[in-house]
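For the sequence shown, this note's numbering assigns the number 264 to the last residue and increments by one with no breaks.
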Amino acid sequence: MGRSLYNYPSDRFLYNLVHRWVSIPLNLLSRAVCYDLHRLPMEGRLLIAGNHTSYLDPIYLGAFFPREVNFMAKHTLFARPFGSFLRGVGAYPINREKADFSALRHSLRLLKNEQAIVMFPEGTRAGEEEILEAQRGVGFLATRSQTPVLPVYLNGASDVWGKDRSGIRRRHVSLHIGNPLRFDMDADPVDAANMTLKAIDEMRLAVRNGQVAGSPTPLGAPLKI
40 MGRSLYNYPS DRFLYNLVHR WVSIPLNLLS RAVCYDLHRL PMEGRLLIAG
90 NHTSYLDPIY LGAFFPREVN FMAKHTLFAR PFGSFLRGVG AYPINREKAD
140 FSALRHSLRL LKNEQAIVMF PEGTRAGEEE ILEAQRGVGF LATRSQTPVL
190 PVYLNGASDV WGKDRSGIRR RHVSLHIGNP LRFDMDADPV DAANMTLKAI
240 DEMRLAVRNG QVAGSPTPLG APLKI
């Protein structure tokens with residue numbers, strides 16, 4: 040029997056190695072800072088929900104967060120040999136073309152084990168000036184597992200390498216962390232997903248209007264949170 044797509048390596052050596060050094064190439068690509076990093080819970084189950092505009096979004100988010108996180112990723116990315124690398128850095132596949140119950144069960148197991156998962160509620164990459172319709176997955180997991188949702192807004196990653204860019208350019212990137220959202224078990228998952236995306240969009244509009252509060256933490260700087 041072949042190895043399941045949902046099995047991880049026996050340790051997270053590759054994850055720790057990449058997390059330790061990835062800030063170097065990212066800082067060559069951009070001047071990257073994070074606002075309100077103190078809002079990130081350092082332990083306990085957590086769903087981290089962000090906007091999705093660039094191929095680099097998961098890399099920036101994983102590099103910024105001082106705690107270990109897992110990533111939902113499109114199942115087509117897990118072809119050999121790249122799939123082994125993705126699993127090693129904490130990613131697992133989800134098939135967005137159908138109801139992927141295997142991915143949902145795996146997500147619930149991770150949350151039961153008090154781990155953190157990064158999700159993109161829009162389901163696919165969008166432009167900087169738009170927020171797509173929310174997929175219900177984040178709402179289902181939040182209500183079913185009673186897990187707080189941390190909305191985050193990543194600004195500028197699409198200017199570095201977005202869906203309309205033919206190459207990589209050096210630009211400013213900033214990550215903005217909102218306040219955790221909590222939903223009752225009997226809440227409508229669709230409503231929970233929409234509220235999560237609304238929180239992300241409010242941060243996007245605030246950044247567009249220059250309403251940025253808090254002290255920035257440069258990517259790769261010693262963290263004091």
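The beta-carbon is built from N, C-alpha and C at its ideal position, and this holds for glycine as well.
The alpha carbon of Pro219 has as its nearest neighbour, out of Val128, Leu189 and Thr235, the alpha carbon of Leu189. Counting of Cβ neighbours within 10 angstroms places His91 among the buried residues, the total reaching 16 or more. Excluding its 5 nearest sequence neighbours in each direction, Thr182 has C-beta neighbours in its own chain below 6 Å: Phe222, Met224, Ala226, Pro228 and Ala231, listed in chain order. Judged by DSSP in its simplified three-state form, Arg209 adopts coil rather than helix or strand.
Under the three-state reduction of DSSP output, Asn218 falls in the coil class, being neither helix nor strand. Cα atoms of Phe117 and Ala130: separation of roughly 9 Å, rounded to the nearest angstrom.
Beta-bridge partners assigned by DSSP to Arg70: His211.
Taking Asn134 as the centre and dropping the five residues before and after it, the same chain places the C-beta of His114 closer than 6 Å to its C-beta, in chain order.
With distances taken between CA atoms, Ala196 lies nearest to Ile207 out of Ile207, Leu149 and Met234. Taking the Cβ atoms as the reference, Ser184 lies roughly 7 Å from Arg84, within the contact range of under 8 Å.
Ile156 is classed as buried because its beta carbon has at least 16 other beta carbons within 10 Å across all chains shown.
Straight across, the Cα-Cα distance linking Ser69 with Tyr94 is about 14 Å. One thing to note: Leu180 has its Cβ no nearer than 8 Å to the Cβ of Tyr99. When secondary structure is reduced to three states using DSSP, Tyr192 falls in the strand class.
In this chain, Phe110 is not harboured by any alpha helix (DSSP H); it is covered by the beta strand (DSSP E) spanning Val108 to Lys113. DSSP, reduced to helix, strand and coil, places Ala88 within a strand of the structure shown. By alpha-carbon distance to Pro80, the top candidate from Pro160, Val177, Gln154 and Phe140 is Gln154.
By the 16-neighbour rule on beta-carbons within 10 angstroms, Pro160 is buried. Around the beta carbon of Ile63, fewer than 16 other beta carbons lie within 10 angstroms, which makes this residue exposed.
In this structure, Met158 is the residue among Val199, Gly253, Thr186 and Met158 with its C-alpha nearest to the C-alpha of Ile239.
When DSSP states are grouped into helix, strand and coil, Ser254 belongs to the coil group. No Cβ-Cβ contact shorter than 8 Å links Val72 with Val128.
Nearest to Met234 by C-alpha distance, out of Pro97, Leu143, Pro120 and Gly178, is Gly178.
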